[in-house]
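Everything on this sheet refers to the single structure shown next.
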Ligand code: AMP
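Numbering (our numbering), first residue to last: 5 to 546.
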């Protein structure tokens with residue numbers, strides 16, 4: 005017997021409709037690409053999103069067509085989120101930090117019909133325009149006064165496109181499983197692969213995010229996503245904020261400490277979210293300028309592991325609760341979030357910190373398990389580590405156009421490529437990427453664990469660990485260090501510092517120094533590049 009409840013589709017347009025109707029006066033504040041701070045409301049955002057939808061229809065865009073953006077976090081990008089997906093087209097958020105050839109590749113792979121771009125990226129597009137033969141038009145996200153001279157073909161001015169529309173548009177209704185947006189993973193090997201979200205997956209992910217045990221976003225919050233809207237839909241915040249009517253602050257291209265602080269302080273931001281690198285810059289600025297964060301309640305750190313020192317500084321020096329989170333493009337992205345359980349309230353500081361360093365506990369909606377190389381499930385004891393497998397309604401079932409072939413097993417389990425532990429309370433801790441784990445004498449050494457310990461040394465700016473071929477042990481760890489400015493620290497001192505913090509057989513066999521460690525477009529260490537760079541490295545123990 006079926007239930008008798010209504011089968012109303014979960015659609016992205018309902019988010020902005022709700023925000024406009026019930027939180028119509030709540031502000032969306034943006035640092036515009038042109039310079040000034042821009043303010044308007046959710047009611048304005050919906051109105052203009054509808055005008056954009058009408059404009060796109062006028063340009064021949066139909067349901068299912070891919071419409072791309074190359075844009076910072078700003079109000080016009082927000083309008084693209086709702087205008088494009090709301091009308092049933094697919095919003096393809098391109099990461100402008102990819103190499104130009106990769107951008108051309110994914111725009112073609114996605115069959116983008118129109119590209120909407122911030123002024124910043126016009127030169128980038130001009131350089132690859134001849135490779136984008138299928139793109140019918142470019143829309144520059146600015147007004148007539150700021151329109152640049154450009155060699156791009158078929159160029160439109162965004163504000164003029166909107167001004168020509170009435171906005172008397174009713175969001176259409178369609179199947180909630182319709183594709184809504186497309187985001188390519190930066191992948192450290194091979195070509196980027198597209199993850200195609202649906203309206204349903206996006207809404208379910210948003211419901212989860214607003215729950216108290218996850219981001220707990222609510223109408224009393226002012227949220228500033230530093231995480232870009234071109235990186236897994238700003239971790240869903242552009243949707244979640246509208247779902248609960250939270251004031252939204254969009255930092256544009258101002259990701260430096262001073263610009264972020266100006267908005268965090270001036271707009272009384274209560275919650276923010278971003279990768280550790282961004283927070284390093286902010287903490288540096290706060291320290292150098294003797295600033296505090298009196299309004300900020302919590303900050304979400306994810307994308308790579310939050311170092312213990314960062315958690316401690318936020319909590320002890322600035323009274324900001326750190327919420328460590330883990331996820332991936334293939335998961336919309338949220339999988340775990342590190343909120344504490346009541347029984348931990350009277351634990352010692354060190355024990356609580358040990359929990360906070362974990363990536364967090366599994367959120368409702370995502371199934372998780374760890375397995376060995378043969379697919380056998382490993383115990384949830386916080387010690388065993390293995391391949392982290394996930395499944396759920398906001399986890400991908402395969403990449404766009406079947407790139408990479410079948411990526412889930414018969415029971416829908418998707419291999420995240422991460423290696424982790426799981427404990428009885430559901431807390432997950434990443435120990436490595438499966439490609440990066442160091443295989444020494446048949447056992448695994450976590451490169452991330454070694455890196456975390458090394459960066460705890462005051463004179464270390466950044467650390468990376470890779471496995472180097474070893475005649476006896478198969479692989480042994482090499483520690484690669486970027487020193488702090490002015491530091492002349494040497495390898496033995498760092499190894500001495502690490503002693504006692506890990507098993508002796510985990511100790512790196514050698515330490516080497518570089519000026520810079522290569523990063524991917526999303527800020528992750530490029531181990532593959534390092535492995536190539538150090539391919540001929542001879543360990544003293546070999
Ligand atoms: P992306 O799809 O670019 O968001 O990258 C996802 C990957 O980033 C995950 O599979 C992890 O390897 C890594 N990652 C994300 N969050 C964390 C975290 N909190 N700690 C460690 N690694 C993380």
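Note that CB positions come from ideal geometry on N, CA and C, so glycine has one too.
Ligand 1 heavy atom lying under 6 angstroms from the CB of residue 437: Of the heavy atoms belonging to ligand 1, at least one sits nearer than 6 angstroms to the Cβ of residue 437.
Residue 341: CB within 6 angstroms of a non-hydrogen atom of ligand 1: Residue 341 Cβ: outside cutoff for every heavy atom of ligand 1.
Cβ distance (whole Å) where residue 464 is taken to contact residue 498 below 8 angstroms: Rounded to the nearest angstrom, the Cβ distance from residue 464 to residue 498 is 7 angstroms, consistent with a contact under 8 angstroms.
For residue 472, the first and last residue of its enclosing beta strand (DSSP E): Start and end: 464-474.
Residue 546 versus residue 473 - alpha carbon distance: Answer to the nearest angstrom: the Cα atoms are 8 angstroms apart.
8 angstroms Cβ shell around residue 130 - same chain, five flanking residues per side excluded: The residues are 154, 155 and 156.
Limits of the beta strand (DSSP E) - the one that residue 96 falls within: Start and end: 94-97.
Rounded straight-line distance, which links the Cα of residue 35 to that of residue 146: If you draw a straight line from the Cα of residue 146 to the Cα of residue 35, it is about 13 angstroms long.
Check: residue 307 C-beta below 6 angstroms from any heavy atom of ligand 1: Residue 307: yes, Cβ under 6 angstroms from ligand 1.
Beta-carbon contacts of residue 429 that lie in its chain and below 8 angstroms, excluding the five residues immediately before and after: Once the five neighbours on either side are set aside, the close Cβ partners of residue 429 are 345 and 365.
Contacting residues, own chain, Cβ-Cβ under 6 angstroms from residue 135 (five flanking each side not counted): If we look at residue 135 and ignore the five residues flanking it on each side, its Cβ neighbours are 108.
Nearest-angstrom beta carbon gap, residue 236 and residue 337 [assumed within contact, 8 angstroms]: With 8 angstroms as the limit, residue 337 and residue 236 qualify as a contact, their Cβ atoms being about 4 angstroms apart.
Residue from 437, 496 and 398 with nearest C-alpha to residue 183: The shortest C-alpha separation from residue 183 is found at 398.
Pair within 7 angstroms by beta-carbon distance, residue 3 and residue 403: The requested residue 3 is not part of the displayed model; the chain covers only 5 to 546.
Candidates 164, 432, 371 and 483: closest to residue 362 by CA position: Residue 362 has its Cα closest to that of 432, out of 164, 432, 371 and 483.
Cut-off 6 angstroms between Cβ atoms - residues of its own chain near residue 488, not counting five sequence neighbours on either side: If we look at residue 488 and ignore the five residues flanking it on each side, its Cβ neighbours are 463 and 465.
The region 307-315 / the region 213-224 touching (three or more Cβ pairs under 8 angstroms): Verdict: no, contact absent.
Euclidean distance between Cα positions of residue 301 and residue 267: Their Cα atoms are separated by approximately 15 angstroms.
CB-CB length for residue 123 against residue 144, believed under 8 angstroms: About 7 angstroms; that satisfies the 8 angstroms criterion.
For residue 513, the three-state DSSP class (helix, strand or coil): In the three-state DSSP reduction, residue 513 falls in the coil class, being neither helix nor strand.
Residues that DSSP places opposite residue 254 in a beta bridge: DSSP lists 34 as partners of residue 254.
Opening and closing residue of the alpha helix (DSSP H) in which residue 498 lies: Annotation: the continuous alpha helix (DSSP H) that includes residue 498 extends over 495-502.
Any non-hydrogen atom of ligand 1 closer than 6 angstroms to residue 422 Cβ: Checking the Cβ of residue 422 against ligand 1 gives yes.
Cα-Cα separation, residue 290 to residue 271: Between residue 290 and residue 271, the alpha-carbon positions lie close to 17 angstroms from each other.
Strand pairing of residue 368, partner residues [DSSP]: Residue pairing by DSSP places residue 368 opposite no residue, since no beta bridge is assigned to it.
Proximity below 7 angstroms, CB of residue 279 to CB of residue 253: No, the Cβ-Cβ distance between residue 279 and residue 253 is not below 7 angstroms.
Segment limits, beta strand (DSSP E) that includes residue 391: Element bounds for residue 391: 390-395.
Cβ-based burial, residue 103 [other Cβ within 10 Å; buried from 16]: Exposed, since its Cβ has fewer than 16 Cβ neighbours within 10 Å.
Of the listed residues 486, 460, 378 and 50, nearest to residue 503 (C-alpha basis): Comparing Cα-Cα distances from residue 503 to each of 486, 460, 378 and 50, the minimum goes to 460.
Counted within 10 angstroms of its Cβ, other Cβ atoms place residue 175 as buried (16 or more) or exposed: Residue 175 should be labelled buried.
Proximity below 7 angstroms, CB of residue 442 to CB of residue 451: Cβ distance < 7 angstroms, so residue 442 and residue 451 count as in contact.
Through-space distance from residue 285 to residue 347, alpha-carbon basis: Their Cα atoms are separated by approximately 34 angstroms.
Alpha-carbon to alpha-carbon, residue 521 and residue 528: Going from the Cα of residue 528 to the Cα of residue 521 covers about 10 angstroms.
Segment contact flag, the region 384-397 with the region 408-417, C-beta cutoff 8 angstroms, min 3 pairs: Yes, the region 384-397 is in contact with the region 408-417.
Candidates 57, 234 and 233: closest to residue 165 by CA position: The closest CA to that of residue 165, considering only 57, 234 and 233, is found on 57.
Sequence-distant residues of its chain with Cβ nearer than 8 angstroms to residue 170 (five each side left out): The answer, listed in chain order, is 55 and 58.
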